[in-house]
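Undergrad: All you need for our numbering is the position in the sequence shown, starting with 1, plus 155. Quick reminder that beta carbons are idealized off the backbone N, C-alpha and C, glycines included. One structure, pasted below without further comment.
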Amino acid sequence: MSPTVAPDSAATAPWIFAALVPLLLAVVASELNAGGIDARAIAVLGVLSALAIALRPLGGGITGFQPMFAVLIIGGYAYGAGFGFVLGATAMAGSALLTGGAGPWVPFQMLAAAWVAMGAGLLPHPSAPADGGRHHQSTASSLPTMTRHRAPWRLIAYAAIAGLLFGLIMDLAFWPWALSGAAAQSSAVGFAPGAGFVANLQRFITFHLATAMGWDLTRAITTAIIVALAGPIVLRALTRAGRRARFAPANQVVTVSSGE
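Okay, structure coming up:
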């Protein structure tokens with residue numbers, strides 16, 4: 156973000172959306188071509204997207220409670236970064252249409268949700284090498300290993316962090332045009348063109364803490380709780396579905412362990 160130019164979000168959003176749709180198609184085509192997923196895996200993607208879309212209205216968009224993020228994080232963790240990226244973007248786009256919340260902010264929400272689910276897919280699994288998740292996405296270890304009664308601690312911690320990061324990313328997209336002109340210059344929280352990077356960073360931090368931290372903390376805490384409580388059950392169901400669908404090359408055997 157340039158410290159001297161405040162971007163117009165309404166003008167920028169269509170370009171982001173135009174770039175995001177081909178990117179999603181490219182990710183899906185790449186996974187299909189590489190044998191990483193098959194038609195049944197696409198069906199699983201549709202089911203998880205529909206579940207996330209159905210859960211979004213429960214949050215109401217007021218308190219910060221957004222259970223759909225638990226689906227995105229668990230789905231991304233179960234099936235990998237590429238799957239998670241597509242899941243996050245499609246679920247956010249579909250839920251915006253369902254709730255009537257379509258607007259210039261939707262492409263930013265799609266991108267942020269895609270990053271959240273993709274990040275979950277990059278987490279190392281207990282049975283996989285600690286390589287940032289790159290290995291398990293394309294090998295037989297792509298399906299998660301967990302204890303019988305609890306989700307991996309790293310997934311719960313990531314759910315809390317992701318809940319905070321989503322709000323931070325969305326504020327970065329919203330903040331430059333929240334206040335403009337003389338109002339921004341006279342305010343201690345508005346984007347001030349020409350004020351310099353450090354000064355604008357201080358303004359943004361103040362703006363974020365004052366306007367969004369309550370929502371972000373609620374999202375982080377509730378998402379982590381949902382992942383901790385529902386994670387083991389959902390992950391086991393996704394593991395069974397993944398053994399029928401293909402999320403790894405066909406010449407590899409998927410194995411599931413019961414211990415962490």
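So, do the segment 255–266 and the segment 342–350 have three or more beta carbon pairs nearer to each other than 8 Å?
TA: no
Undergrad: Below 8 Å, can you find three or more Cβ-Cβ pairs linking the segment 320–328 to the segment 381–390?
TA: no
Undergrad: Going by other Cβ atoms of all chains shown within 10 Å of its Cβ, with 16 needed for buried, is Ala-367 buried or exposed?
TA: Within the sequence shown, the letter at position 212 stands for residue 367. Ala-367 is buried by the Cβ-count criterion.
Undergrad: DSSP three-state label for Leu-278, please.
TA: Within the sequence shown, numbered from 1, the residue matching residue 278 stands at position 123. In this structure, Leu-278 counts as coil in the three-state DSSP scheme.
Undergrad: Take Met-223 as the anchor and find which of Tyr-232, Gly-239, Leu-206 has the nearest alpha-carbon.
TA: Sequence index remark: in the sequence shown, residue 223 carries index 68 (1-based). Out of Tyr-232, Gly-239, Leu-206, Leu-206 has the C-alpha closest to the C-alpha of Met-223.
Undergrad: Report the option in Trp-330, Leu-200, Ala-225, Ala-181 whose CA atom is closest to the CA atom of Ile-376.
TA: Locating residue 376 in the sequence shown gives position 221, counting from the first residue. Answer by Cα proximity: Ala-225.
Undergrad: Hey, would you say Ala-379 sits closer than 8 Å to Ala-315, going by beta carbons?
TA: Reading the sequence shown from its first residue, position 224 is the one you call residue 379. Reading the sequence shown from its first residue, position 160 is the one you call residue 315. Yes, the Cβ-Cβ distance between Ala-379 and Ala-315 is below 8 Å.
Undergrad: In this structure, how does DSSP classify Phe-352 when only helix, strand and coil are distinguished?
TA: On the sequence shown, residue 352 is found 197 positions in, with the first residue counted as 1. Taken through DSSP and simplified to helix, strand or coil, Phe-352 comes out as helix.
Undergrad: Using a Cβ-Cβ cutoff of less than 6 Å, which residues in the same chain neighbour Val-389 once the five nearest sequence positions on both sides are dropped?
TA: Residue mapping note: residue 389 aligns to position 234 of the sequence shown, counting from 1. Excluding residues within five positions, the ones whose Cβ falls inside 6 Å are Ile-229.
Undergrad: How would you write the range of the alpha helix (DSSP H) that Pro-212 sits in, first residue to last?
TA: Numbered from 1 along the sequence shown, position 57 holds the residue referred to as residue 212. Counting along the chain, the alpha helix (DSSP H) containing Pro-212 begins and ends at 194–214.
Undergrad: Does DSSP classify Ala-347 as helix, strand or coil?
TA: The residue you call residue 347 lines up with position 192 of the sequence shown. Here DSSP, grouped into helix, strand and coil, assigns Ala-347 to coil.
Undergrad: Grouping DSSP H, G and I as helix and E and B as strand, with all else coil, what is Gly-369?
TA: Translated into positions along the sequence shown, residue 369 becomes position 214. The answer is helix: DSSP assigns Gly-369 an H, G or I state.
Undergrad: Identify which residue in Leu-210, Ala-317, Gly-201 has its Cα closest to the Cα of Ala-251.
TA: Numbered from 1 along the sequence shown, position 96 holds the residue referred to as residue 251. If we check each option's Cα against that of Ala-251, Leu-210 comes out closest.
Undergrad: Going by DSSP in three states, Gly-386 sits in which element: helix, strand or coil?
TA: Counting from 1 along the sequence shown, the entry for residue 386 is found at position 231. In the structure shown, Gly-386 sits in a helix (DSSP, three-state: H, G or I).
Undergrad: Closer than 7 Å by C-beta to Ala-269: which residues in its own chain qualify, once you throw out the five before and the five after it? Chain order, please.
TA: Translated into positions along the sequence shown, residue 269 becomes position 114. Within the same chain, Ala-269 has close Cβ partners Phe-240, Gly-243, Ala-244.
Undergrad: My output table needs one value for Thr-219: the three-state DSSP class, helix, strand or coil.
TA: Translated into the one-based positions of the sequence shown, residue 219 becomes position 64. According to the sequence shown, residue 219 is Gly rather than Thr. In this structure, Gly-219 counts as coil in the three-state DSSP scheme.
Undergrad: Below 7 Å CB to CB, which residues in the same chain sit around Ala-285 once its five sequence neighbours on both sides are set aside?
TA: Locating residue 285 in the sequence shown gives position 130, counting from the first residue. Unreliable positioning characterises Ala-285 in this predicted model, as indicated by a pLDDT of 47, which lies under 50. A coordinate reading is not provided.
Undergrad: Contact check, Gln-264 vs Arg-374 under 8 Å by CB: the rounded distance?
TA: Translated into the one-based positions of the sequence shown, residue 264 becomes position 109. Translated into the one-based positions of the sequence shown, residue 374 becomes position 219. That pair is no contact at about 13 Å.
Undergrad: At which residue ranges does the segment 307–336 contain complete alpha helix (DSSP H) runs of 4 or more residues, listed in the order of the chain?
TA: 308–333
Undergrad: Could you name the residues of the same chain whose beta carbon sits closer than 6 Å to that of Ala-248, not counting the 5 residues immediately before and after it, in chain order?
TA: Here residue 248 refers to the residue found at position 93 of the sequence shown. For Ala-248, where only same-chain residues beyond five positions count, the Cβ hits under 6 Å are Met-265.
Undergrad: Can you grab the Cα-Cα spacing for the pair Ala-246 / Ala-236, in whole Å?
TA: Within the sequence shown, the letter at position 91 stands for residue 246. Within the sequence shown, the letter at position 81 stands for residue 236. Ala-246 and Ala-236: Cα-Cα distance of roughly 15 Å.
Undergrad: How long is the line joining the alpha carbons of Met-273 and His-363, rounded to whole angstroms?
TA: Stepping through the sequence shown from its first residue, residue 273 is reached at position 118. Stepping through the sequence shown from its first residue, residue 363 is reached at position 208. Roughly 24 Å separates the two Cα atoms.
Undergrad: Quick one: what does DSSP say Trp-260 is sitting in, helix, strand or coil?
TA: Translated into the one-based positions of the sequence shown, residue 260 becomes position 105. Three-state DSSP puts Trp-260 in coil, outside helix and strand.
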